[in-house]
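Structure first, then comments.
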Amino acid sequence: MTNEIDENFAYFVKKFGDPFSSMPIPDTVISNYRDRLPDQLFRYWAKTGASGFAKGLLWMVNPKEYQPILDRWIAGTEFEARTGLSVIARSAFGELFVWERRKGRILSIDPLTGAIFHHLRNDANNLDDEEENKKNAVLLGILETRGCRLL
Numbered sequence: 002m003t004n005e006i007d008e009n010f011a012y013f014v015k016k017f018g019d020p021f022s023s024m025p026i027p028d029t030v031i032s033n034y035r036d037r038l039p040d041q042l043f044r045y046w047a048k049t050g051a052s053g054f055a056k057g058l059l060w061m062v063n064p065k066e067y068q069p070i071l072d073r074w075i076a077g078t079e080f081e082a083r084t085g086l087s088v089i090a091r092s093a094f095g096e097l098f099v100w101e102r103r104k105g106r107i108l109s110i111d112p113l114t115g116a117i118f119h120h121l122r123n124d125a126n127n128l129d130d131e132e133e134n135k136k137n138a139v140l141l142g143i144l145e146t147r148g149c150r151l152l
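Residue numbers (the working numbering): 2 to 152.
The structure is reproduced here in structure tokens:
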């Protein structure tokens, strides 16, 4: 796997600034999440680790650290039985961006309002590796909420 940064991530860094407060993602986490997250994300992690951008407005996170939080949020919902959900980013206000393999970002969790947004269009996806990497790149710069439903 190459560590080169694609044009989408280069644009993201240009727009939001260099990463700060970077913490490497442990190899054990990478191994455990290899089948749950897109390859592109592992390349970004190799360069930046878990880190903040845009003066702390957006953070790429270690999904293992957020798994217990995610599990509590989805307990008792239709998503509780899904084993492939992972938090990959969070906002400065605690909003969690939840990824599912072959689908992309399917949930946004807003703790300020207590809402879980289900991204219906993404949940209908069955992406191949290339499409999933593109979805991940788009997530970095365009965190849209269209096509979602409130749970």
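Where a beta carbon is used, it is the ideal one built from N, C-alpha and C, also for glycine. Note that the coordinates shown come from a computational prediction; the quantities given were computed from them, not determined experimentally.
9 Å Cβ cutoff met for residue i and residue j
| i | j | result |
| --- | --- | --- |
| residue 116 | residue 110 | yes |
| residue 88 | residue 71 | yes |
| residue 40 | residue 130 | yes |
| residue 94 | residue 54 | no |
Residue i classed as buried or exposed, judged by whether at least 16 other C-beta atoms fall within 10 angstroms
| i | result |
| --- | --- |
| residue 21 | exposed |
| residue 52 | buried |
| residue 63 | buried |
| residue 24 | exposed |
| residue 101 | buried |
| residue 118 | buried |
| residue 82 | exposed |
| residue 9 | buried |
For residue i, the nearest candidate out of the options (CA to CA)
| i | options | result |
| --- | --- | --- |
| residue 26 | 9, 46 and 33 | 46 |
| residue 68 | 86, 54, 14 and 78 | 86 |
Start-to-end residues for the alpha helix (DSSP H) that takes in residue i
| i | result |
| --- | --- |
| residue 31 | 28 to 34 |
Unbroken beta strand (DSSP E) run spanning residue i, endpoints
| i | result |
| --- | --- |
| residue 51 | 51 to 54 |
| residue 116 | 116 to 120 |
Can you check the stretch 60 to 114 for any alpha helix (DSSP H) of at least 4 residues that lies completely inside it and give the ranges in chain order? 64 to 75
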